[in-house]
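Residue numbers (this note's numbering): 7 to 67.
Backbone N, C-alpha and C define an ideal beta-carbon position, used for all residues, glycine too.
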Amino acid sequence: MTEAVQLIEKQLGEVRNKIQGSRERCDNLEDTINEEEKLIDTLKEREIQLKLALAKLTDKE
């Protein structure tokens, strides 16, 4: 009986470690997504600025 308990406790510990690893990977992915969304927003703003600059230049010509 004691061996069975030890085996189950060992497996439980392994499962908990895997769950923690998955949580950490999810957190890292969320951070990456947030960084990419900020980059997209920055690029969209830059696109608008460039379109405005282009419009001003073409209006002058």
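Cβ-Cβ distances below 6 Å link Glu9 to nothing in the same chain once the five nearest sequence neighbours on each side are left out. Within its own chain, no residue has a Cβ closer than 8 Å to the Cβ of Ile46 once the five positions on either side in sequence are excluded. Rounded to the nearest whole angstrom, the C-alpha separation of Asp65 and Leu56 is 14 Å.
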